[in-house]
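Chemist: Residue numbers (my numbering): 6 to 131.
Dumping the structure here so I can ask a few things about it.
Below, the structure is given as C-alpha coordinates:
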(Lines of atoms letter the chains of each structure in order from A; the text may use other names.)
(Lines give C-alpha, C1' and ligand atoms only; values in the text may rest on other atoms or scores of the structure.)
Protein backbone atom coordinates (compact mmCIF):
# COMPACT_ATOMS: atom_id res chain seq x y z
CA UNK A 6 0.00 0.00 0.00
CA UNK A 7 1.20 3.43 -0.85
CA UNK A 8 1.61 5.46 2.34
CA UNK A 9 1.93 9.22 2.67
CA UNK A 10 2.86 11.38 5.63
CA UNK A 11 0.19 13.71 6.93
CA UNK A 12 0.57 17.25 8.16
CA UNK A 13 -0.67 18.24 11.60
CA UNK A 14 -3.96 19.73 10.38
CA UNK A 15 -4.87 16.70 8.31
CA UNK A 16 -3.98 14.41 11.21
CA UNK A 17 -6.43 16.24 13.50
CA UNK A 18 -9.08 16.24 10.80
CA UNK A 19 -8.80 12.48 10.34
CA UNK A 20 -8.85 11.88 14.08
CA UNK A 21 -12.04 13.96 14.28
CA UNK A 22 -13.61 11.71 11.65
CA UNK A 23 -13.53 8.82 14.12
CA UNK A 24 -16.03 10.31 16.58
CA UNK A 25 -17.99 11.86 13.71
CA UNK A 26 -18.49 8.44 12.14
CA UNK A 27 -19.48 7.00 15.52
CA UNK A 28 -22.18 9.67 15.69
CA UNK A 29 -23.36 8.56 12.27
CA UNK A 30 -23.38 4.98 13.51
CA UNK A 31 -25.78 5.97 16.29
CA UNK A 32 -28.04 7.84 13.87
CA UNK A 33 -28.32 4.87 11.52
CA UNK A 34 -28.54 2.15 14.18
CA UNK A 35 -31.93 0.46 13.83
CA UNK A 36 -32.35 0.68 17.62
CA UNK A 37 -32.43 4.49 17.60
CA UNK A 38 -35.17 5.68 15.23
CA UNK A 39 -35.64 8.84 17.30
CA UNK A 40 -32.13 9.98 16.31
CA UNK A 41 -33.06 9.71 12.64
CA UNK A 42 -36.27 11.59 13.38
CA UNK A 43 -34.32 14.32 15.18
CA UNK A 44 -32.16 15.07 12.13
CA UNK A 45 -34.95 14.56 9.62
CA UNK A 46 -33.85 11.28 8.09
CA UNK A 47 -36.51 8.74 7.15
CA UNK A 48 -36.57 5.28 8.59
CA UNK A 49 -35.35 2.48 6.34
CA UNK A 50 -35.43 -1.27 6.06
CA UNK A 51 -33.27 -2.71 8.90
CA UNK A 52 -30.88 -4.46 6.49
CA UNK A 53 -29.75 -1.12 5.04
CA UNK A 54 -29.49 0.46 8.47
CA UNK A 55 -27.41 -2.46 9.78
CA UNK A 56 -25.03 -2.24 6.81
CA UNK A 57 -24.43 1.45 7.57
CA UNK A 58 -24.18 0.70 11.29
CA UNK A 59 -21.50 -1.93 10.58
CA UNK A 60 -19.42 0.07 8.07
CA UNK A 61 -19.46 3.58 9.55
CA UNK A 62 -17.42 2.67 12.65
CA UNK A 63 -14.94 0.69 10.54
CA UNK A 64 -14.29 3.74 8.39
CA UNK A 65 -14.18 5.92 11.51
CA UNK A 66 -11.56 3.68 13.11
CA UNK A 67 -9.49 3.71 9.91
CA UNK A 68 -9.69 7.51 9.66
CA UNK A 69 -8.72 7.87 13.31
CA UNK A 70 -5.84 5.43 12.93
CA UNK A 71 -4.42 7.23 9.90
CA UNK A 72 -4.60 10.51 11.81
CA UNK A 73 -3.06 8.99 14.93
CA UNK A 74 -0.16 7.39 13.06
CA UNK A 75 0.29 10.29 10.64
CA UNK A 76 0.32 7.97 7.64
CA UNK A 77 -2.46 7.82 5.08
CA UNK A 78 -3.23 5.38 2.32
CA UNK A 79 -4.06 7.27 -0.87
CA UNK A 80 -6.57 4.69 -2.11
CA UNK A 81 -8.43 4.71 1.19
CA UNK A 82 -8.44 8.51 1.20
CA UNK A 83 -9.89 8.53 -2.33
CA UNK A 84 -12.61 6.05 -1.37
CA UNK A 85 -13.32 8.10 1.76
CA UNK A 86 -13.58 11.33 -0.23
CA UNK A 87 -15.93 9.71 -2.72
CA UNK A 88 -18.08 8.17 0.01
CA UNK A 89 -18.36 11.37 2.03
CA UNK A 90 -19.11 13.44 -1.08
CA UNK A 91 -21.72 10.94 -2.26
CA UNK A 92 -23.49 10.91 1.09
CA UNK A 93 -23.54 14.71 1.27
CA UNK A 94 -24.66 15.25 -2.33
CA UNK A 95 -27.48 12.72 -1.97
CA UNK A 96 -28.74 14.42 1.20
CA UNK A 97 -28.51 17.86 -0.41
CA UNK A 98 -30.24 16.68 -3.59
CA UNK A 99 -33.08 15.11 -1.61
CA UNK A 100 -33.43 18.32 0.40
CA UNK A 101 -33.38 20.39 -2.81
CA UNK A 102 -36.18 18.19 -4.20
CA UNK A 103 -38.09 18.72 -0.92
CA UNK A 104 -37.93 15.01 -0.09
CA UNK A 105 -35.96 15.71 3.12
CA UNK A 106 -36.12 18.61 5.57
CA UNK A 107 -33.34 21.19 5.67
CA UNK A 108 -31.88 19.58 8.83
CA UNK A 109 -31.19 16.38 6.88
CA UNK A 110 -29.52 18.35 4.10
CA UNK A 111 -27.38 20.25 6.60
CA UNK A 112 -26.02 17.14 8.30
CA UNK A 113 -24.27 16.31 5.04
CA UNK A 114 -22.26 19.55 4.95
CA UNK A 115 -19.45 18.36 7.28
CA UNK A 116 -19.02 15.29 5.07
CA UNK A 117 -18.89 17.50 1.98
CA UNK A 118 -16.21 19.66 3.61
CA UNK A 119 -14.21 16.57 4.59
CA UNK A 120 -14.52 15.19 1.05
CA UNK A 121 -13.08 18.47 -0.22
CA UNK A 122 -10.23 18.33 2.31
CA UNK A 123 -9.44 14.73 1.38
CA UNK A 124 -9.52 15.57 -2.34
CA UNK A 125 -7.29 18.61 -1.80
CA UNK A 126 -4.81 16.49 0.14
CA UNK A 127 -4.81 13.88 -2.64
CA UNK A 128 -4.21 16.62 -5.22
CA UNK A 129 -1.33 18.19 -3.25
CA UNK A 130 0.40 14.86 -2.59
CA UNK A 131 0.15 13.35 -6.06
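Glycine residues also receive a C-beta, built at the ideal position from the N, C-alpha and C atoms.
Give every residue of the same chain whose Cβ lies closer than 8 Å to the Cβ of residue 109, excluding the five residues on either side of it in the sequence, and list them in chain order.
Modeler: Around residue 109: 44, 45, 46, 96, 99 and 100.
Chemist: From the DSSP secondary-structure annotation, give me the bridge partner or partners of residue 79.
Modeler: Residue 79 pairs with nothing; no bridge assigned.
Chemist: Under 8 Å: do the segment 77-85 and the segment 48-55 share three or more Cβ pairs, one atom per stretch?
Modeler: No, because fewer than three Cβ pairs between the segment 77-85 and the segment 48-55 fall closer than 8 Å, the two stretches do not touch.
Chemist: With respect to the alpha helix (DSSP H) encompassing residue 13, which residues constitute its N-terminal and C-terminal limits?
Modeler: Taken as a continuous stretch (DSSP letters only), the alpha helix (DSSP H) holding residue 13 covers 13-33.
Chemist: To the nearest angstrom, report how far apart residue 67 and residue 84 are at their CA atoms.
Modeler: The straight-line gap from Cα to Cα measures roughly 12 Å.
Chemist: Just to confirm before moving on: does the CB-CB distance between residue 105 and residue 62 stay below 8 Å?
Modeler: Result no, Cβ atoms of residue 105 and residue 62 do not sit closer than 8 Å.
Chemist: Based on Cα-Cα distance, which residue from 22, 17 and 57 lies nearest to residue 33?
Modeler: Comparing Cα-Cα distances from residue 33 to each of 22, 17 and 57, the minimum goes to 57.
Chemist: Let me know the secondary structure DSSP gives residue 129 once reduced to three states.
Modeler: In the structure shown, residue 129 sits in a helix (DSSP, three-state: H, G or I).
Chemist: So residue 88 and residue 17 are in contact, right, with Cβ under 8 Å, and what is the actual spacing, rounded?
Modeler: About 20 Å; that fails the 8 Å criterion.
Chemist: Per DSSP, residue 10 is paired with what?
Modeler: Residue 10 is bridged to 76.
Chemist: Could you check if residue 4 is buried or exposed, using at least 16 other CB atoms within 10 Å of its CB as the buried criterion?
Modeler: Limits of the chain in this structure are 6 at one end and 131 at the other, which puts residue 4 out of reach.
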